[in-house]
Amino acid sequence: MTRFLLPLGIFALLAVVLAIGIRHSPEKGVIASPLLGKPAPAFVLPDLADPARQVRSDDLKGRWYLFNVWGTWCGGCREEHETLLQVHRAGVVPIIGLDWKDDDGQALNWLTQLGNPYQSVATDHSGREAIEWGVYGAPETFLVNPQGVVVYKHIGALTPDTWTHEILPRVSGAKAGSSS
Amino acid sequence: MLPELGHFALILALLLAGLQAFFGIAGPAFARDRWSGAVTSAVAGQAVMVATAVACLVASFVTEDFSVAYVAENSNSALPLFYRVTALWGAHEGSLLLWILLLAGWTVAVVLGSGRLPPRFAARVLGVLGLVSFGFLLFTLATSNPFLRLDPAAADGRDLNPILQDPGLAVHPPILYTGYVGFAVAFAFACAAMLEGRLDQNWARWTRPWTTTAWAFLTCGIALGSFWAYYELGWGGFWFWDPVENASFMPWLVGTALVHSLAVTDKRGLFKSWTLLLAILAFSLSLLGTFLVRSGVLVSVHSFAADPTRGIFILVFLIIMIGGALVLYAWRAPLLRSSAGFELGARESFLLFNNVLLVIAAGTVFAGTLAPLISDALKLGTLSVGPPYFNPTFMLSMLPLLALLSVGIHANWKRGRLGDSQRVLLYTLVVAAVLGCGWAFGLYARGSLLSWIGATLAIWIVLSSLVDPLDRWRRGLTLSRAVLGMTVAHLGLALAVIALTTVQSFTIERDVALAPGGKATVGDYEFRFEGVRPVEGPNYEAVAGTIVVTRHGAPVAVLSPQKRQFWVQHQVTSETAIRMHRGNNLLLALGEDLGAGRWSIRIQIRPLVSLVWIAAFIMAVGGALAASDRRYRTARAAVTSPAGATAGQAG
Numbered sequence: 001m002t003r004f005l006l007p008l009g010i011f012a013l014l015a016v017v018l019a020i021g022i023r024h025s026p027e028k029g030v031i032a033s034p035l036l037g038k039p040a041p042a043f044v045l046p047d048l049a050d051p052a053r054q055v056r057s058d059d060l061k062g063r064w065y066l067f068n069v070w071g072t073w074c075g076g077c078r079e080e081h082e083t084l085l086q087v088h089r090a091g092v093v094p095i096i097g098l099d100w101k102d103d104d105g106q107a108l109n110w111l112t113q114l115g116n117p118y119q120s121v122a123t124d125h126s127g128r129e130a131i132e133w134g135v136y137g138a139p140e141t142f143l144v145n146p147q148g149v150v151v152y153k154h155i156g157a158l159t160p161d162t163w164t165h166e167i168l169p170r171v172s173g174a175k176a177g178s179s180s
Numbered sequence: 181m182l183p184e185l186g187h188f189a190l191i192l193a194l195l196l197a198g199l200q201a202f203f204g205i206a207g208p209a210f211a212r213d214r215w216s217g218a219v220t221s222a223v224a225g226q227a228v229m230v231a232t233a234v235a236c237l238v239a240s241f242v243t244e245d246f247s248v249a250y251v252a253e254n255s256n257s258a259l260p261l262f263y264r265v266t267a268l269w270g271a272h273e274g275s276l277l278l279w280i281l282l283l284a285g286w287t288v289a290v291v292l293g294s295g296r297l298p299p300r301f302a303a304r305v306l307g308v309l310g311l312v313s314f315g316f317l318l319f320t321l322a323t324s325n326p327f328l329r330l331d332p333a334a335a336d337g338r339d340l341n342p343i344l345q346d347p348g349l350a351v352h353p354p355i356l357y358t359g360y361v362g363f364a365v366a367f368a369f370a371c372a373a374m375l376e377g378r379l380d381q382n383w384a385r386w387t388r389p390w391t392t393t394a395w396a397f398l399t400c401g402i403a404l405g406s407f408w409a410y411y412e413l414g415w416g417g418f419w420f421w422d423p424v425e426n427a428s429f430m431p432w433l434v435g436t437a438l439v440h441s442l443a444v445t446d447k448r449g450l451f452k453s454w455t456l457l458l459a460i461l462a463f464s465l466s467l468l469g470t471f472l473v474r475s476g477v478l479v480s481v482h483s484f485a486a487d488p489t490r491g492i493f494i495l496v497f498l499i500i501m502i503g504g505a506l507v508l509y510a511w512r513a514p515l516l517r518s519s520a521g522f523e524l525g526a527r528e529s530f531l532l533f534n535n536v537l538l539v540i541a542a543g544t545v546f547a548g549t550l551a552p553l554i555s556d557a558l559k560l561g562t563l564s565v566g567p568p569y570f571n572p573t574f575m576l577s578m579l580p581l582l583a584l585l586s587v588g589i590h591a592n593w594k595r596g597r598l599g600d601s602q603r604v605l606l607y608t609l610v611v612a613a614v615l616g617c618g619w620a621f622g623l624y625a626r627g628s629l630l631s632w633i634g635a636t637l638a639i640w641i642v643l644s645s646l647v648d649p650l651d652r653w654r655r656g657l658t659l660s661r662a663v664l665g666m667t668v669a670h671l672g673l674a675l676a677v678i679a680l681t682t683v684q685s686f687t688i689e690r691d692v693a694l695a696p697g698g699k700a701t702v703g704d705y706e707f708r709f710e711g712v713r714p715v716e717g718p719n720y721e722a723v724a725g726t727i728v729v730t731r732h733g734a735p736v737a738v739l740s741p742q743k744r745q746f747w748v749q750h751q752v753t754s755e756t757a758i759r760m761h762r763g764n765n766l767l768l769a770l771g772e773d774l775g776a777g778r779w780s781i782r783i784q785i786r787p788l789v790s791l792v793w794i795a796a797f798i799m800a801v802g803g804a805l806a807a808s809d810r811r812y813r814t815a816r817a818a819v820t821s822p823a824g825a826t827a828g829q830a831g
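Take a look at the structure:
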């Protein structure tokens, strides 16, 4: 009899794991991104400010940068905007935006009204670039090192806490290490 | 107007699915035959309503009604008609609708083929299918309604994701889903048998053609997906052990086990509870696949924007369906007794090994896929596993399976002695080992142990599979479709093994930067870059490179990989150029413009990669042949029944 209950038991365990997985996924900060420790995807994308110009990953080689995926339709992005502006003012690391599945006009309005924390914003109307980055919900923020490798990924709205405790130490630590 | 009509039809379909579930399950339970009789009408009504809903959405796409949010997000006025239709399943909402449509189609097929089934049993099967359909309709209406309007309407659409604008991908989801959904039929048969508390050999005979047909579709679907990843994405591989790929592969492995265990239940009345468990498992893994892909709990390079509320809904649905089925199993399976026994070395024992090994393989894939999730839930830190885990563990269960296959098909039912076959097996094994050695070390410059073992096992399967059919053919005896189908599927498997181990061992990959007139030599081939020229497509513009390929000075091909820029989404996709030459698959992709006419070009030479997909297709053909065997049509042949014919055509 017990052996016929075994599958049910295993399934119950699995259901618990999946439930925990769901509960964690929206706010989970560190996640097993397939990109962590791997080169960031190369991109050549139209610039939001001037679609005739391009935002290219090659131009960012040799520098730290934050890659922030956002859209005007996304609530979490409005929430993290203040933090992004602080990061921008700190001037430690430039932020490259990826305006994901968005309307260009609305995105430009948003930046005019709320302030623009980005060095440049690339547009991704189709979501293809976001697929390359393994994004599954905006906002998401990637930290890319001068070798072009993704060293950290944050899912959900960026908080000052994450900035000071997770991102800043990685950047300044590495910079201090290389200069000494 | 049309979207509202479609929405309304979908709501009616939900109600009818509810009725179908209620009448189908409650009717037989309370011995109300009039209730059971009403199930067929509910099925017909639901099918009409679902078809209406799909037709409304297709009409919105075709007429370019950009006031419908889903159409505006996935279509554009410049999109060709063909893709305006296939854009239906270009994203989440429409994919679900397709799932529901296919389930309705399978259910109608079951009704048409259920003439020979006892009426109460048929009602139960349809009732369980109604429950599945109800869950998916509720899911669609509650979290993923494709008929929502945009106010104000969009002037033009955002266009279908360019990577989906490819004929291969256009047909991939319907075929894959037909396979997924087909396992719902096996699941429903299993649940109906458990509700009835009775399972005999007839049950297996009814279930077999459905399961085999679903399996054949799933095989095709996975192969098309892999082909598309290779050909369209230009990712330079055909299998990545990505969660989304694994989600389709796990039901395939368990479905393969189910197909074999059903054979034992059919022929010998054994493995009853095990077969039931596999039927539940195959469908559960299909549902789990949907959950993993849609909920965003797992990170995948394929994952589209996911929504946690959707995840919670699917999880609850999973718990009700799978949990319910497993409770039923724990309650009813102990009642199913098999009286017959078999000796070690009998065909039953080999099929048992087959089942165990396939389930272990599915288990290792499952563990690898869920490892990040489990380690995270247990707070063990983040963990991700890739090919270094999957390749060896998968091979560990597959190699014994392949070795046992040749012996298994020559073993007798019930009796453990091989008799004359022993000598045949030994001879074929020796021949296979010699040929395999020639293959692995003779044909390609550097041999490898893996390719030798792979080739030996594969050639052994080919030779030993052909012994009996050739013998029968020589003596002028006919082969049943079931045996023919089995043989074809096993030959397909052998080809797949040869192809996979060869590709694994002998692929060459190189990135080169070439100026016009520049040359590169890779493997036996020379590549001369002639420069690029502009090309204009219907909704994109592109640059096409011209590359002349020669082998030892003899011309092979002129290939023209493209880089396309789509107008609407300003998105760049890489269109690879592929050519088969002497069994080698040459793949060229245009990389970045390095300035001054120089381009980076990716060159890959993969021996026999096309054979992987051809082999999968052969396996599917084998499945279709087996499913169309007369035996399944004439089981209880009092009533003429179109079931077998339907399955045959569908395959």
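Read top to bottom, the protein sequences are chains A and B.
Residue numbers in the first sequence follow my numbering, run continuously in steps of one, and reach 180 at the last position.
Residue numbers in the second sequence follow my numbering, run continuously in steps of one, and reach 831 at the last position.
Ideal placement from N, C-alpha and C gives every residue a C-beta, glycine not left out.
Taking just the CA atoms, how far does residue j sit from residue i?
| i | j | result |
| --- | --- | --- |
| A674 of chain B | R597 of chain B | 26 Å |
| L465 of chain B | G803 of chain B | 20 Å |
| K699 of chain B | I783 of chain B | 12 Å |
| L5 of chain A | A370 of chain B | 17 Å |
| V565 of chain B | G469 of chain B | 18 Å |
| A322 of chain B | T232 of chain B | 19 Å |
| L108 of chain A | A130 of chain A | 20 Å |
| L328 of chain B | G337 of chain B | 15 Å |
| S483 of chain B | I155 of chain A | Legend: pLDDT at S483 of chain B = 41, less than 50; position of this residue unreliable, value from coordinates given subsequently. Roughly 15 Å separates the two Cα atoms. |
| H670 of chain B | S586 of chain B | 9 Å |
| P260 of chain B | F246 of chain B | 16 Å |
Under a three-way DSSP split, which group does residue i fall into?
| i | result |
| --- | --- |
| I184 of chain A | Examination of residue 184 of chain A is not possible in this model, given that chain A is present from 1 through 180 alone. |
| N765 of chain B | strand |
| R214 of chain B | helix |
| K594 of chain B | coil |
| L282 of chain B | helix |
| V752 of chain B | strand |
| I727 of chain B | strand |
| Y125 of chain B | Outside the displayed span of chain B (181 to 831) sits residue 125 of chain B, for which this structure offers no information. |
| E523 of chain B | coil |
| G198 of chain B | helix |
| S120 of chain A | strand |
| A224 of chain B | helix |
Which residue wins for smallest C-alpha separation from residue i, given the options the options?
| i | options | result |
| --- | --- | --- |
| N325 of chain B | B:L457, B:L277, B:L199 | B:L277 |
| A227 of chain B | B:Y509, B:A289, B:R264 | B:A289 |
| A693 of chain B | B:R811, B:G711, B:S294 | B:G711 |
| T489 of chain B | B:S754, B:V238, B:F319 | B:F319 |
| Y65 of chain A | A:P7, A:A40, A:A15, A:T123 | A:A40 |
| E140 of chain A | A:V151, A:V69, A:L85 | A:V69 |
| L458 of chain B | B:L472, B:G491, B:W419, B:T387 | B:T387 |
Say whether chain B places a C-beta atom closer than 9 Å to the C-beta of residue i.
| i | result |
| --- | --- |
| V17 of chain A | yes |
| I22 of chain A | yes |
| D58 of chain A | yes |
| V150 of chain A | no |
| S126 of chain A | yes |
| P169 of chain A | no |
| A12 of chain A | yes |
| A49 of chain A | no |
Going by DSSP, name the residue or residues bridged to residue i.
| i | result |
| --- | --- |
| S780 of chain B | B:A693 |
| M575 of chain B | BP columns for M575 of chain B are empty, so no partner. |
| Q745 of chain B | B:E721, B:V752 |
| M760 of chain B | B:N765 |
Determine, using beta carbons only, whether residue i comes closer than 9 Å to chain A.
| i | result |
| --- | --- |
| A373 of chain B | no |
| A249 of chain B | no |
| S453 of chain B | yes |
| G869 of chain B | Residue 869 of chain B cannot be examined here, being either before or after the span of chain B that is shown, 181 to 831. |
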